[in-house]
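S.K.: Sending over a structure as structure tokens; questions will come in a sec.
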RNA sequence: GGCGGGAUAGCUCAGCUGGUUAGAGCGCAUGAUUCAUAAUCAUGAGGUCCGGGGUUCAAGUCCCCGUCCCGCUACCA
């Protein structure tokens, strides 16, 4: 793309069922903010849009759990998220939300256009329906007993205890989470976007046209395209969301992944009446900042939607980051294993830039990275305090001390002065190149080089010594030091806007622009600076220990929760129990089921017969370990086909909280067929 | 099981289409310095570039076979 006329930067819409944590920041919002601020500083026409993603089933479930309405949930988290972003200086031009009226209208119109132009296919299918509540049930709205681990609070899409992915029809004894009624199967109609029809276009656009995309993004797209695309449903039976704008679609809403990316468009509409030039003019460069979990939506699905609609531009790049871990463990909202932005802002007032710095310096640009509090402390103390804060402080203090705060005029420059100043344009070039190619870690390092240069210059020039022998020379030295300081204020602005402002205020520097970066004459002789203050302060061990203790408390709480045994299930009668025919059996043969990770095909002698049982234990036992072992089998369980093999019965296993499976077997070898009661 | 990404100094990472003694920041050691938040500056020690084969005059870089980590996907009674 030749020099674009304008830029449109989007940042993944945070899902409004929880606050934002450092993983979101490092992956998406800090990079997008740095990029946007940089473009603004270059005087580009750029807008940055974001907003809360407020629809979808998890929000309705959370609302149910807390006994409030979905609107209450999204109002709560929208406010927290929006404030937290503002607190960290994540400077969107608009932070909207998908429950806004403009978005309803935009998403409806978008759907309607595709519908009218016959871009969808309609399909009917059988789905669970709650006769009492009179509505279809999303997968998450059906609870029942997990067929695998026996957890009686499994959801229709997943058992959270054993991690199994389920279909609603898999659940034993399914119940509606809304009314508790037993759901019935009923026919329902949905609309699908036939992604397969866009495969050729996507191949050409991405695989041929965007080889410059990051390896993780490009590779993931190629993987999907090579697997072959399937039609995807764009509607759901749910009462929370944007109604499908078609006659006879009562009780149906747009599927959340369909309406969420349209949120970028709606936000732009809310921001400016000129929104169309950002979305429909080929000379606009659109960039999506996202995490790696969103690659397929932003590179495959959303572009297909835009293409189906017609008239819209496509993203020029999608610089997705990997994930950030916290203290060697995966960040998890449900396990409360996170550093929450709103809490950080409370606990570390005035240290917004420290977090911005650390998360950028340690951003997961090429692979998953780890955030540790020790690293946070080290980067603050050894880099921000020692290098950046220290240089600015010593330069300003010296000017204050020797010249009462008035920048002295430079005399004739020595070769060394010139060589030092000549470094700066090269730093600028490297900084810009890295920013424009989304290498923010590297770019930050370049920005810090200005401060390193300053420290070296002062150490080599030794004004505190020279002042005794050649006071005239010191004027030149401190003039040069002041020029470097002004350059720092410009260079760090995209990364650390608060600090940049502090330097400007402290040194009374107005009118610095990016165009001046690298130049030597930014501050005229005679300019009066203010009183130097420290930009950063050291972070003591005790502060870090407190944060680690907080995490340790979370870990303990999580463990206590896991160790706690499941509550007892409802009572059953003796007759119920006697319906189950449980026998001792012996494994006579075992082999892994091809093309599966968890399945073993076991041939067992039940005493009654020799039969085949397929069991999901391959991650815990090898085939060899199972042969000859006595096991306990529920023999009158209805048969079921697994991977084309009919499984007749279930091997009883014990499972601990971590999901580890252990075979249950008789204490002493017993005859096969022995009845257990 | 299929696919994608990653593996380079103690830590976090650069290393473009293969080409002189593999680099940076932090940490560490030694020395210098004292304007500065014991901050700074210089020098140095640290690397079978995950393992094993191969192509080549030449491989961290290309090919093949493995191992480990992350993700997507299938499967999960």
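In my numbering, the protein residues as written are 25 to 701.
Note that beta-carbon positions come from the ideal geometry of N, C-alpha and C, so glycine has one too.
Of all the options 669, 36, 246, which has the alpha carbon lying nearest to the alpha carbon of residue 315?
M.R.: 36
S.K.: With DSSP run on the structure shown, which of helix, strand or coil describes residue 187?
M.R.: Confidence at residue 187 is low in this model, with a pLDDT of 48, below 50, so its placement is unreliable and no value can be given for it.
S.K.: Under DSSP, the beta strand (DSSP E) around residue 145 begins and ends at which residues?
M.R.: 145-154
S.K.: Please classify residue 245 as buried or exposed, where buried requires at least 16 neighbouring CB atoms within 10 angstroms.
M.R.: buried
S.K.: Return the first residue and the last residue of the alpha helix (DSSP H) that residue 384 is part of.
M.R.: 376-385
S.K.: Once DSSP output is grouped into helix, strand and coil, what is the label at residue 228?
M.R.: Three-state DSSP puts residue 228 in a helix.
S.K.: Ignoring anything shorter than 4 residues or poking outside the segment 35-113, list the alpha helix (DSSP H) runs there in chain order.
M.R.: 54-65, 81-90, 94-111
S.K.: Express the C-alpha separation of residue 392 and residue 47 in angstroms, rounding to a whole number.
M.R.: Between residue 47 and residue 392, the C-alpha separation is close to 10 Å.
S.K.: Rounded to whole angstroms, what's the CA-CA distance from residue 150 to residue 366? Just pull it up for me.
M.R.: Straight-line Cα distance between these residues: approximately 44 Å.
S.K.: Please report the distance separating the alpha-carbon of residue 570 from that of residue 397.
M.R.: 10 Å
S.K.: Looking at residue 70: is its Cβ nearer than 9 Å to the Cβ of residue 63?
M.R.: Cβ atoms of residue 70 and residue 63: closer than 9 Å.
S.K.: For residue 21, which of 556, 631, 168 has the nearest alpha-carbon?
M.R.: With the chain covering 25 to 701 only, the question about residue 21 has no answer from this structure.
S.K.: To the nearest angstrom, how far is it from the Cα of residue 672 to the Cα of residue 630?
M.R.: 11 Å
S.K.: What's the C-alpha gap between residue 501 and residue 113?
M.R.: The alpha-carbon separation between residue 501 and residue 113 amounts to approximately 35 Å.
S.K.: Anyone know if the C-beta pair for residue 236 and residue 341 falls short of 9 Å?
M.R.: yes
S.K.: Report the rounded CA-to-CA distance for residue 553 versus residue 430, giving the unit in angstroms.
M.R.: When only Cα atoms are considered, residue 553 and residue 430 end up about 6 Å apart.
S.K.: Taking the continuous alpha helix (DSSP H) assigned at residue 427, which residues delimit it?
M.R.: Segment 414-427, the alpha helix (DSSP H) holding residue 427.
S.K.: Determine the DSSP secondary structure at residue 670, reduced to helix, strand or coil.
M.R.: strand
S.K.: Along the chain, where does the alpha helix (DSSP H) that runs through residue 472 open and close?
M.R.: 464-485
S.K.: Which of the three DSSP states is assigned to residue 141 in this structure?
M.R.: coil
S.K.: Could you tell me whether the Cβ atoms of residue 50 and residue 387 are closer together than 9 Å?
M.R.: yes
S.K.: For the candidate residues 66, 94, 582, whose alpha-carbon lies nearest to that of residue 358?
M.R.: 582
S.K.: Rounded to the nearest angstrom, what separates residue 186 and residue 196 at their Cα positions?
M.R.: Bear in mind that a pLDDT of 47 at residue 186, under 50, signals an unreliable position, so the number given afterwards is only what the model happens to contain. Spanning the two alpha carbons is a distance of roughly 15 Å.
S.K.: Can you name, in chain order, every residue of its own chain whose Cβ lies under 6 Å from the Cβ of residue 116, other than the five neighbours on each side?
M.R.: Taken in chain order, the residues that qualify are 72, 74.
S.K.: Please say whether residue 81 and residue 264 have beta carbons closer to each other than 9 Å?
M.R.: yes
S.K.: Over the uninterrupted alpha helix (DSSP H) stretch that includes residue 395, give me the two end residues.
M.R.: From DSSP, residue 395 is part of no alpha helix (DSSP H) but of the beta strand (DSSP E) over 393-395.
S.K.: Given a cut-off of 9 Å, decide if residue 139 and residue 215 are closer than it, judged by their beta-carbon atoms.
M.R.: Taking the C-beta atoms as reference points, residue 139 is found nearer than 9 Å to residue 215.
S.K.: If you follow the alpha helix (DSSP H) that residue 333 is part of, which residue opens it and which one closes it?
M.R.: Run containing residue 333: 326-333, per the alpha helix (DSSP H) assignment.
S.K.: From the DSSP secondary-structure annotation, give me the bridge partner or partners of residue 349.
M.R.: 354, 394
S.K.: Could you check the C-alpha separation between residue 499 and residue 416 for me, to the nearest Å?
M.R.: 17 Å
S.K.: Pick out whichever of 110, 625, 648 has its Cα sitting closest to the Cα of residue 640.
M.R.: Checking every option, the nearest Cα to that of residue 640 belongs to 625.
S.K.: With 16 other CB atoms within 10 Å as the buried threshold, where does residue 597 fall?
M.R.: exposed
S.K.: Measure the C-alpha to C-alpha separation of residue 350 and residue 527 and round it to an integer number of angstroms.
M.R.: 32 Å
S.K.: If we ignore side chains and look at the alpha-carbon of each, how far apart do residue 604 and residue 701 end up?
M.R.: 9 Å
S.K.: Can you grab the Cα-Cα spacing for the pair residue 107 / residue 520, in whole Å?
M.R.: 18 Å
S.K.: Counting Cβ pairs closer than 8 Å, one from the segment 276-287 and one from the segment 225-242, do we hit at least three?
M.R.: no
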